[in-house]
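Next comes the structure, spelled out in structure tokens:
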């Protein structure tokens, strides 16, 4: 019993690292930012340099963001040289780190922003510990970082400025994007949030998930992904649904690698989360004006614009309003569409789509082919995981009952933590008929794709560009890719 450190990793060597501890008694994790300590001399020097530096910055034309750290480093060294004091290289490095952290970075929060394992950062007010949602532990964890009232107000204003917005008592709320693509929601002072200023940052993942990641984390099985690969290649329409943080967008991004490499793709999002390696891809973002001002460009408008661009595939980050009608119109007119939405099962998907504010007529549902339900749940051992709970096919409208017939093709077994095939696929049968394949040929095509996925998983090929290169190679020269895979497999026997 007691508190034990279970993990430690660097986020900015050698100045900042993260320590994860577990308290057996409380049954909880803690997230600690650990930075290099300053001596009294270093602290006094830091205060002097910081004061002089802020004055100097008002006199200089500051370079672009990518050049600011180097610019600051040079000016810090020049200032200290002019002080005529002896400063060790290690002390200079520490002082430079803290000044860059506070001027170019995000102050105390900067190490958290640099942590690739953190998905969300939540600050609910001054004097309250900041919480982080950790990708590895799949939960919100209390950190050792908190901000006083002045620090928090200043940081929120900095966040707003860097996202191209302004905050004030008159306009105390923003929803925006930071320069790295992270999603920002912030409130200023206590008029809105009684605990003072607040912010939530949904971090942009620099390295997107691939199908191999989905296999490695057991989010999908190889058979499910080979099924989706064949369906997406043959332009079947798909929606990922699930609750908050269930992995909908991550799964959509991963399986988008199955889109043929030369296909024309248009994506529409509120916040840039999708990252595709396809050259013929046009990403679009909605524009949210500042409160009380004009200039909004919403998903509905972007989707209507996209349909005029003759895309083969349309990806919509999340449907929640009238843009759903345009999305289903796109499906009905031959555009292949993929999207996400909030719903916990297929019945809720249908209900939400049919009712306000989406209002999709029942007859239009026949254009939708597949629904994947994502969940953030627990295994029997108590481990929090993301799983594709079910893959369902939308088959037809019953003429007698006027209800939608939906059949589960794959389903997750939570007891055994495995995926079972629960029925034969009508979608695959349609593909077989459209392509003029025999049943044997269909099985062969599925097996080929499963073999490629297994090869990448077994050889730890997870880098986004490497995975896409292999999939792209299969599209252009399938026999060469299969020959490489089977040849390497035989040479190891």
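In this note's numbering, the protein residues as written are -12 to 480. A virtual CB, placed ideally from N, CA and C, is assigned to each residue, including glycine.
Asked, Found
"Only counting the same chain, and skipping five residues up and downstream in sequence, which positions put a Cβ closer than 6 Å to that of residue 324?", "224, 301, 314, 317 and 318"
"Below 7 Å CB to CB, which residues in the same chain sit around residue 298 once its five sequence neighbours on both sides are set aside?", "251, 252, 253 and 322"
"Taking its Cβ as the centre, do 16 or more other Cβ atoms sit within 10 Å of residue 489, making it buried, or is it exposed?", "Residue numbering for the chain in the displayed model covers -12 to 480; residue 489 lies beyond these limits and cannot be assessed."
"Counting pairs of beta carbons, one from the stretch 365 to 377 and one from the stretch 174 to 183, are three or more of them closer than 8 Å?", "no"
"Would you mind stating whether residue 99 and residue 132 have Cβ atoms separated by less than 8 Å?", "yes"
"Is it buried or exposed, residue 28, if we count other Cβ atoms within 10 angstroms and call 16 or more buried?", "exposed"
"Could you tell me if the beta carbon of residue 412 falls within a distance shorter than 7 Å of some heavy atom in the ligand ATP?", "As for the ligand ATP, it is missing from this structure, which has no ligand bound."
"Whose CA, out of 19, -6, 2 and -10, lies closest to the CA of residue 12?", "-10"
"Measure the Cβ-Cβ separation of residue 206 and residue 229 and say whether it is below 8 Å.", "no"
"With residue 351 as the anchor, note down where its beta strand (DSSP E) starts and where it stops.", "Neither: residue 351 is in no beta strand (DSSP E) and is coded neither H nor E."
"Run through the stretch 301 to 345 for me and flag every whole alpha helix (DSSP H) of 4 or more residues, listed as ranges in chain order.", "310 to 319 and 333 to 341"
"My parser needs the alpha helix (DSSP H) runs of 4 or more residues fully inside the stretch 446 to 480; what are they?", "451 to 463 and 465 to 478"
"Am I right that residue 241 and residue 197 are in contact with their C-beta atoms under 8 Å? What's the rounded C-beta distance?", "5 Å"
"Could you give the C-beta distance for residue 304 and residue 257, rounded to a whole number, given that I count them as a contact under 8 Å?", "6 Å"
"First and last residue of the beta strand (DSSP E) that includes residue 299?", "Counting along the chain, residue 299 falls outside any beta strand (DSSP E), and DSSP gives it neither H nor E."
"Buried or exposed: which applies to residue 249, given that a residue is buried once 16 or more other Cβ atoms fall within 10 Å of its Cβ?", "exposed"
"Can you tell me whether residue 361 is helix, strand or coil according to DSSP?", "strand"
"Between 221, 397, 386 and 285, which has its C-alpha nearest residue 420's C-alpha?", "221"
"Between 37, 83 and 126, which has its C-alpha nearest residue 15's C-alpha?", "126"
"Please report the residue range of the alpha helix (DSSP H) in which residue 132 lies.", "Per DSSP, residue 132 belongs to no alpha helix (DSSP H) and is neither H nor E."
"Could you give the distance in angstroms between the alpha-carbon of residue 290 and the alpha-carbon of residue 199?", "30 Å"
"Would DSSP call residue 292 helix, strand or coil?", "helix"
"In angstroms, rounded to a whole number, what distance separates the CA positions of residue 478 and residue 464?", "Low per-residue confidence applies at residue 478: pLDDT is 48, beneath 50, and the placement is therefore not dependable enough to give any value."
"Looking only at DSSP bridge pairs, what is residue 377 linked to?", "360 and 398"
"Return the CA-CA distance between residue 408 and residue 377, expressed in angstroms with no decimal places.", "10 Å"
"What does the Cβ neighbour count give for residue 399, buried or exposed, with the cut at 16 atoms within 10 Å?", "buried"
"Quick one: residues in its chain with C-beta nearer than 6 Å to the C-beta of residue 308, no 5 flanking neighbours on either side, listed in chain order?", "344"
"Could you tell me whether the Cβ atoms of residue 209 and residue 202 are closer together than 8 Å?", "yes"
"Rounded C-beta distance between residue 40 and residue 82? I'm assuming under 8 Å.", "That belief does not hold up - the Cβ atoms of residue 40 and residue 82 are roughly 10 Å apart, past 8 Å."
"Do the stretch 346 to 365 and the stretch 379 to 394 make contact, defined as three or more Cβ pairs closer than 8 Å?", "yes"
"For residue 274, which of helix, strand or coil comes out of DSSP?", "strand"
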